[in-house]
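Chemist:
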Amino acid sequence: MIAKNNKNFKMKKIVTIMFLFCAVIATAQKKQFKKIAKAVDRNDIAAAMEIFNTLNENEIEADYKDEYAFYNAFTLFTNATDDVDQLLLAMDELKKAEELGFDDEVKFSFVESLGRQLLVKNASKLANSNPQKALSIVKKLASFYPDDHSMKFNTANLAYSTGEFEEALFYYEELFNNGFSGEQDIFKATRVKDGKEEIFPNKVLVEAAIAKGEYKNLIVEKSPSNRGVIVSNLIWLYKNSGQDAKAKEVFVNAFDRYPNDESLKINKADMYLTLGMMDEYKKATEALVDEVSDPKVFDNLGLAAVQNKNYDEAIKYFNLSLSKNPNNFVTLYNLGAIYLEKGNLDSTSYDDQEKLYKSAIDVFEKALKIKPENANVKGTLLSLYGALEMQDKIDALQGK
């Protein structure tokens, strides 16, 4: 009996030691994650990743698996800016962290925004060279956020522009049936140190920046409606697949449901053209400028088109804005920038590039007359003159 009791005593000691050992590990991991968080807070990313890399995923205690998944996502996003597979893996880790209960809203919002931006950026880069890969990226991103219709809108636009019309039709139909307009809150704040206004991805991040005292004067604006693009493209897709009655039905339904939507009004002429209603098309084209009196409406639609990489739409809207206010420097600058950006696309032919560069020159020259001392416009014009071998214009501008 005595031997048995000694054995039990030894077993209890071993179990106690094991519990103590686990507690020591957990305490050490807690300290490590605190160090990582502090390094991230002071923007010392290298230090944060160095500490994180000392951790072994298989040894992480259950209480800290959410933090491990989060900082693993953060590390992957930081190191793999152009590696799509690693970025998607990072997004998986981020969703895992959320499911496990990671509760630092500011950090999570920042990393989530970073991940979305990186994936959208990579999809945009691949849109011409590898449209299938680009589409797979945005579809995967949309699957991460099933309730975020803006992700589905991006998917629909990319599918439409790359000729994947069945995919585009599926997403545009869902967006239209759900009443999606594309209007979103835009959060702006002024940086304290230099008075520069900046746009933030979401409310969480702008409020955190203001709370730290780095920004002030929160402004919330609404982005313009994208319903006109959705309906216009949906009508074209139905017509393209021989569903003429369906195309007409969507047109009538849209204007019945949303009679005051500015983007629908602006795209109305294009819809008539697609439907083959030529008399209505001519009347709508002539009435368009009269119906919309505020040039800012066209400017906002132009900027929204730029964000969606729809350069032709952006050019149309900025030109409509200039028909209302031809001496608006910002609109001229934006229009010139779009001509230049479209001219620099890999898919743009040499002849088209030359035409777009010349259009950009015309616009930037008008802008320079309004603000002759603007260094950005001068520098851009000198680059364009050089590209088109306009030495006389270079000499004239440098002599001013």
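Final position of the sequence shown in our numbering is 390; the numbers increase by one with none missing.
For glycine and all other residues, C-beta sits at the position ideal for the given N, C-alpha and C.
#1: With DSSP collapsed to three states, give me the class of residue 106.
#2: For the alpha helix (DSSP H) holding residue 329, just list the boundary residues, first then last.
#3: Per DSSP, which residues does residue 188 bridge with? Please list them.
#4: Verify whether the separation of the beta carbon atoms of residue 161 and residue 227 is less than 8 Å.
#5: Name the DSSP bridge partner or partners of residue 210?
#6: Taking residue 99 and residue 194 to be in contact with their CB atoms under 8 Å, please state how far apart those CB atoms are, rounded to whole angstroms.
#7: Given a cut-off of 8 Å on the beta-carbon distance, is the pair residue 308 and residue 324 in contact?
#8: Tell me whether residue 248 sits in a helix, a strand or coil according to DSSP, three-state version.
#9: Helix, strand or coil, according to DSSP, for residue 11 in the structure here?
#10: In terms of residue numbering, what span does the alpha helix (DSSP H) encompassing residue 126 cover?
#11: Tell me whether the beta-carbon of residue 288 lies closer than 8 Å to the beta-carbon of residue 263.
#12: Identify the continuous alpha helix (DSSP H) that holds residue 373 and give its terminal residues.
#13: Taking the alpha carbon of residue 35 as the point to measure from, which residue in 94, 101, 55 has its own alpha carbon closest?
#14: Please list the segments of the alpha helix (DSSP H) lying wholly inside the segment 226 to 272, counting only runs of 4 or more residues, in order along the chain.
#15: By Cβ distance, which residues of its chain are closer than 8 Å to residue 179, with the 5 residues on each side in sequence left out?
#16: Classify residue 22 as buried or exposed, calling it buried when 16 or more other Cβ atoms lie within 10 Å of its own Cβ.
#17: Where DSSP assigns a beta bridge to residue 205, which residues make up the other side?
#18: Would you please state the rounded distance, in angstroms, between the beta carbons of residue 435 and residue 387? I believe it to be under 8 Å.
#19: Specify, as a first and last residue, the run of the alpha helix (DSSP H) that residue 290 falls within.
#20: Apart from the five residues on each side of it in sequence, which residues of its chain come closer than 6 Å, Cβ to Cβ, to residue 285?
#21: Got a sec, what are the start and stop residues for the alpha helix (DSSP H) residue 150 sits in?
#22: Return helix, strand or coil for residue 50, following the three-state DSSP convention.
#23: Leaving out the 5 sequence neighbours to the left and right, which residues in its chain are closer than 7 Å to residue 78 when beta-carbon positions are compared?
#24: Name the residue from 203, 50, 168, 238 whose alpha carbon lies nearest to the alpha carbon of residue 185.
#25: Of all the CB atoms in chain C, is at least one closer than 8 Å to the CB of residue 121?
Modeler: So, to answer that:
#1: If DSSP states are grouped into helix, strand and coil, residue 106 belongs with the helices.
#2: 319 to 333
#3: 179
#4: no
#5: 177
#6: The beta carbons of residue 99 and residue 194 sit about 4 Å from each other, so the pair counts as a contact at 8 Å.
#7: yes
#8: DSSP places residue 248 in coil when its eight states are reduced to three.
#9: For residue 11, the pLDDT reaches just 41, beneath the cut-off of 50, and the residue's location in the model is therefore unreliable, although a value from the coordinates is still provided. Residue 11: helix per DSSP, three-state reduction.
#10: 121 to 134
#11: no
#12: Bounds of the alpha helix (DSSP H) holding residue 373 are 365 to 377.
#13: 101
#14: The DSSP assignment places 234 to 247, 252 to 265 as complete runs of the alpha helix (DSSP H) inside the segment 226 to 272, in order along the chain (cut-off: 4 residues).
#15: 187, 188, 190, 196, 199, 200, 205, 206, 207, 208, 209
#16: Its Cβ being crowded by 16 or more others within 10 Å, residue 22 is buried.
#17: Per DSSP, the beta-bridge partners of residue 205 are 181.
#18: The structure shown does not extend to residue 435, since the chain is modelled only from -9 to 390, so the question has no answer here.
#19: 285 to 297 is the span of the alpha helix (DSSP H), which, as asked, contains residue 290.
#20: 311, 314, 315
#21: 139 to 151
#22: If DSSP states are grouped into helix, strand and coil, residue 50 belongs with coil.
#23: 130
#24: 203
#25: Among the chains in the structure shown there is no chain C, since it carries only a single protein chain.
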